[in-house]
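Protein chains in written order, with the working numbering: chain V, 3 to 414; chain P, 1232 to 1481. Even for Gly, the Cβ is constructed at its ideal location relative to N, Cα and C. What you are looking at is a predicted structure, and each value in this text was computed from that prediction instead of being measured. To keep things clear, I will list the structure first and then write my remarks on it.
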């Protein structure tokens, strides 16, 4: 005996017996496997879909630019009483100009104002288009590319030209197959000449960023009513400066808005990044619940494994007795049953992974949700299933090993 | 076997007792048993049911440990060993032959015979070779790939004997080896035992059949957990051997 009697024998023999026994009880194996498989499939499908949601959300958010800030009366994620925000004073153009001179660290800045309208060209009409009044610098903040013509310029704004730059959705719907540049669109019965088109940006959550028309800021006011408050879009050179810029902005804004020292800020500084955090909190909770459901399913599967292993131990009592009589240690018997339990589970895990990924894939094909499964998830799925089997196999395996060999040999 | 512990008897049992607790009651299955068995001996342990012979067999086979007393096997005190140590002793020192054969039903004859060597950690090729040789010794070479349910009772017992032989143990321990066989097949098995005895193997055979015990050179009769006779097989089996006292040595 040159080999230390031990681990190798336990593992090799355990694995051999496990495969043997699983093959011998095919139907039972398949049924037991299903339990674990369904658990893993549920878990993976949910995780895949949520990961997909997250990825696409972040991709969309990245389009906003991590170096941008939006100053408004309203916070994007509203907490508490809406009226408190509603009653804040509107921004004025004088404040915009002062902000410009007091905040040289801003690389771009543009007030903007929005409404939703119908847009028409010839016989074609599009409803719920977001009409946004902006200045020239808005382009670099919003992150669109001009694909034809030009963007709104400050000169347009100065003289309130009735010009418009259309988003990709509007261009496609109103000008199928032709270039919109140079043509005229009607917004609420006012005519605007199209001077440029924009690249496609996709959707954020469910809202299209391409269902937009940009017009000069002043033109917006002269065309669509006064008294409407506006917001200010800002950009800094580098995303790393956002935090510092925000702190400085608070001071500057309080000053130019003459906020009393003891009063709270009467404005909100919004960041896409903060939106991401809120979003993550939201999906995090969903994630937790979904994973919980998957885990419960796995737990049920695990109990199934335990049940079948107990049956298996009982059926093979004599075999255990024989093995013990011929020199198998308790440890070897424990290993044998643990291997069996974890291989059933691993097979279930593999099955579940396939089904789960398939489901996620199908969901991404037939719904707008983009499922996205990282490779680690697959390995995790199989490994986790095996671990569940291992855990639920411990008790049956210990029972098998602790059988009295004399009694076991006599078992009928 | 090439161990150096050949001095003294192979088996030395000293004042062994075994007490079971069944439903709050004490059952004294062995009440101070002492004997010795030398290398190469063929000994029957005989007794009625309830005489303690099964308990004796379990203790001798290291499947059970005595409540008190000492059991020396091949120079080692096995009466106080741990569960794991006993597993090794069973693997190395003892070849079991059971009344009901106790083969693994789903494995082939060859795989069944290999089993003790698996637990010894022997490489597959070597253990296959040894298993083939052992099956050859019991004239089962043509049937090595059959499963137990494809074999007759006699053939199954031969597989079991091959399994007991393959690990080259110090002793073969047989429990009613002909109990489940018809008389002709039983006779074949007994002849096989005779051959093994002549080849120098130590055989301990536990039985309730006087006819079988009479074939053994030596027999020990147990009654009520004590030795009541120890002598030439035929005499003990027929009741003509001298009665020994329970406390008497070998």
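For my contact list, residue i and residue j are in at a C-beta cut-off of 8 Å; report their separation, rounded to the angstrom.
{"i": "residue 182 (chain V)", "j": "residue 173 (chain V)", "result": "5 Å"}
{"i": "residue 171 (chain V)", "j": "residue 213 (chain V)", "result": "4 Å"}
{"i": "residue 1324 (chain P)", "j": "residue 1433 (chain P)", "result": "Not a contact, Cβ separation roughly 10 Å."}
{"i": "residue 13 (chain V)", "j": "residue 337 (chain V)", "result": "7 Å"}
{"i": "residue 1379 (chain P)", "j": "residue 1408 (chain P)", "result": "Residue 1379 (chain P) to residue 1408 (chain P), Cβ: 16 Å. No contact."}
{"i": "residue 149 (chain V)", "j": "residue 201 (chain V)", "result": "5 Å"}
{"i": "residue 394 (chain V)", "j": "residue 308 (chain V)", "result": "4 Å"}
{"i": "residue 169 (chain V)", "j": "residue 215 (chain V)", "result": "7 Å"}
{"i": "residue 1406 (chain P)", "j": "residue 1320 (chain P)", "result": "No, residue 1406 (chain P) and residue 1320 (chain P) are not in contact; Cβ-Cβ is about 18 Å, not under 8 Å."}
{"i": "residue 1242 (chain P)", "j": "residue 1304 (chain P)", "result": "6 Å"}
{"i": "residue 1296 (chain P)", "j": "residue 1282 (chain P)", "result": "No, residue 1296 (chain P) and residue 1282 (chain P) are not in contact; Cβ-Cβ is about 20 Å, not under 8 Å."}
{"i": "residue 76 (chain V)", "j": "residue 247 (chain V)", "result": "Actually they do not touch by this definition, with Cβ atoms about 20 Å apart."}
Among the options, which residue has its Cα nearest to the Cα of residue i?
{"i": "residue 1300 (chain P)", "options": "P:1387, P:1401, P:1268 and P:1261", "result": "P:1261"}
{"i": "residue 192 (chain V)", "options": "V:95, V:165, V:380 and V:13", "result": "V:165"}
{"i": "residue 85 (chain V)", "options": "V:268, V:404 and V:337", "result": "V:268"}
{"i": "residue 322 (chain V)", "options": "V:345, V:13 and V:19", "result": "V:19"}
{"i": "residue 352 (chain V)", "options": "V:25, V:46 and V:23", "result": "V:46"}
{"i": "residue 1308 (chain P)", "options": "P:1366, P:1240 and P:1259", "result": "P:1240"}
{"i": "residue 194 (chain V)", "options": "V:201, V:200 and V:186", "result": "V:186"}
{"i": "residue 285 (chain V)", "options": "V:49, V:9, V:10 and V:30", "result": "V:49"}
{"i": "residue 123 (chain V)", "options": "V:139, V:189, V:74 and V:232", "result": "V:189"}
{"i": "residue 1358 (chain P)", "options": "P:1280, P:1399 and P:1329", "result": "P:1399"}
{"i": "residue 161 (chain V)", "options": "V:380, V:180, V:121 and V:225", "result": "V:225"}
{"i": "residue 39 (chain V)", "options": "V:117, V:340, V:317 and V:383", "result": "V:383"}
{"i": "residue 412 (chain V)", "options": "V:199, V:327 and V:356", "result": "V:327"}
{"i": "residue 58 (chain V)", "options": "V:399, V:259, V:378 and V:204", "result": "V:204"}
{"i": "residue 1412 (chain P)", "options": "P:1425, P:1403 and P:1382", "result": "P:1382"}
{"i": "residue 1423 (chain P)", "options": "P:1269, P:1453, P:1366 and P:1452", "result": "P:1366"}
{"i": "residue 1298 (chain P)", "options": "P:1355, P:1447 and P:1245", "result": "P:1245"}
{"i": "residue 9 (chain V)", "options": "P:1351, P:1286 and P:1280", "result": "P:1351"}
{"i": "residue 96 (chain V)", "options": "V:257, V:410, V:380 and V:377", "result": "V:257"}
{"i": "residue 145 (chain V)", "options": "V:296, V:237, V:156 and V:343", "result": "V:237"}
Just curious, the alpha helix (DSSP H) that residue i is in, first and last residue?
{"i": "residue 1425 (chain P)", "result": "1414–1429"}
{"i": "residue 424 (chain V)", "result": "The structure shown has nothing for residue 424 (chain V), since chain V only spans 3 to 414."}
{"i": "residue 221 (chain V)", "result": "219–225"}
{"i": "residue 1390 (chain P)", "result": "1384–1397"}
{"i": "residue 303 (chain V)", "result": "274–317"}
{"i": "residue 1358 (chain P)", "result": "1355–1368"}
{"i": "residue 1298 (chain P)", "result": "Here residue 1298 (chain P) belongs to no alpha helix (DSSP H), and DSSP marks it neither H nor E."}
{"i": "residue 163 (chain V)", "result": "Element bounds for residue 163 (chain V): n/a, residue is neither H nor E."}
Grab the span of the beta strand (DSSP E) containing residue i for me, first residue to last.
{"i": "residue 186 (chain V)", "result": "186–189"}
{"i": "residue 1402 (chain P)", "result": "1402–1406"}
{"i": "residue 246 (chain V)", "result": "Segment 244–258 is the alpha helix (DSSP H) holding residue 246 (chain V); no beta strand (DSSP E) there."}
{"i": "residue 114 (chain V)", "result": "108–123"}
{"i": "residue 1461 (chain P)", "result": "1457–1463"}
{"i": "residue 1333 (chain P)", "result": "Here residue 1333 (chain P) belongs to no beta strand (DSSP E), and DSSP marks it neither H nor E."}
{"i": "residue 1449 (chain P)", "result": "1449–1454"}
{"i": "residue 1289 (chain P)", "result": "No beta strand (DSSP E) contains residue 1289 (chain P), which is instead part of the alpha helix (DSSP H) from 1284–1291."}
{"i": "residue 71 (chain V)", "result": "70–74"}
{"i": "residue 194 (chain V)", "result": "192–200"}
{"i": "residue 1309 (chain P)", "result": "Run containing residue 1309 (chain P): none; DSSP gives neither H nor E here."}
How would you list, in chain order, the residues of chain V whose beta-carbon sits under 7 Å from the beta-carbon of residue i?
{"i": "residue 1335 (chain P)", "result": "321 and 324"}
{"i": "residue 1305 (chain P)", "result": "Correct list: empty, because the minimum Cβ distance to chain V is about 15 Å."}
{"i": "residue 1322 (chain P)", "result": "328 and 329"}
Under 7 Å Cβ-Cβ, which residues of chain P neighbour residue i?
{"i": "residue 342 (chain V)", "result": "Neighbours of residue 342 (chain V) on chain P: none; closest Cβ ~14 Å, over 7 Å."}
Who are the neighbours of residue i on chain V, taking C-beta pairs under 8 Å?
{"i": "residue 1347 (chain P)", "result": "328 and 329"}
{"i": "residue 1314 (chain P)", "result": "331 and 332"}
{"i": "residue 1327 (chain P)", "result": "327 and 328"}
If the cut is a Cβ gap below 9 Å, which residues of chain P does residue i touch?
{"i": "residue 10 (chain V)", "result": "1352"}
{"i": "residue 22 (chain V)", "result": "1337 and 1338"}
Output, in chain order, the set of chain V residues within a Cβ distance shorter than 9 Å of residue i.
{"i": "residue 1466 (chain P)", "result": "Ordered by position in chain V, no residue passes the 9 Å Cβ test against residue 1466 (chain P), which lies about 31 Å from the chain."}
In chain P, what lies closer than 8 Å to residue i by C-beta?
{"i": "residue 26 (chain V)", "result": "1337"}
Would the stretch 1421–1439 of chain P and the stretch 1457–1473 of chain P be scored as touching if the rule is three or more Cβ pairs under 8 Å? no
How do the stretch 239–257 of chain V and the stretch 50–69 of chain V stand: do at least 3 beta-carbon pairs fall below 8 Å, yes or no? yes
If we count Cβ pairs, one from each stretch, closer than 8 Å, do we get three or more for the stretch 1388–1397 of chain P versus the stretch 1347–1363 of chain P? yes
Check whether the stretch 308–319 of chain V touches the stretch 280–300 of chain V, taking contact to mean three or more Cβ pairs, one atom from each stretch, closer than 8 Å. When C-beta atoms of the stretch 308–319 of chain V are compared with those of the stretch 280–300 of chain V, fewer than three pairs fall below 8 Å, so the two segments do not count as touching.
For the stretch 356–366 of chain V and the stretch 274–285 of chain V, state whether three or more C-beta atom pairs, one from each stretch, are separated by less than 8 Å. no
Residues in the stretch 1263–1296 of chain P having any Cβ partner in chain B nearer than 8 Å: Among the protein chains of the structure shown, namely V and P, there is no chain B.
Quick check: the stretch 114–132 of chain V against the stretch 74–92 of chain V, are there 3 or more CB pairs under 8 Å? no
Is it the case that the stretch 1316–1331 of chain P contacts the stretch 1265–1279 of chain P, given that we only count it when at least three CB pairs across the two stretches are under 8 Å? no
Whether or not the stretch 108–123 of chain V and the stretch 218–236 of chain V are in contact is what I'm after, with contact meaning three or more pairs of Cβ atoms, one per stretch, closer than 8 Å; do they touch? Contact between the stretch 218–236 of chain V and the stretch 108–123 of chain V is present: 3 or more CB-CB pairs across the two stretches fall below 8 Å.
So does the stretch 316–335 of chain V actually touch the stretch 1325–1335 of chain P, counting three or more Cβ pairs closer than 8 Å? yes
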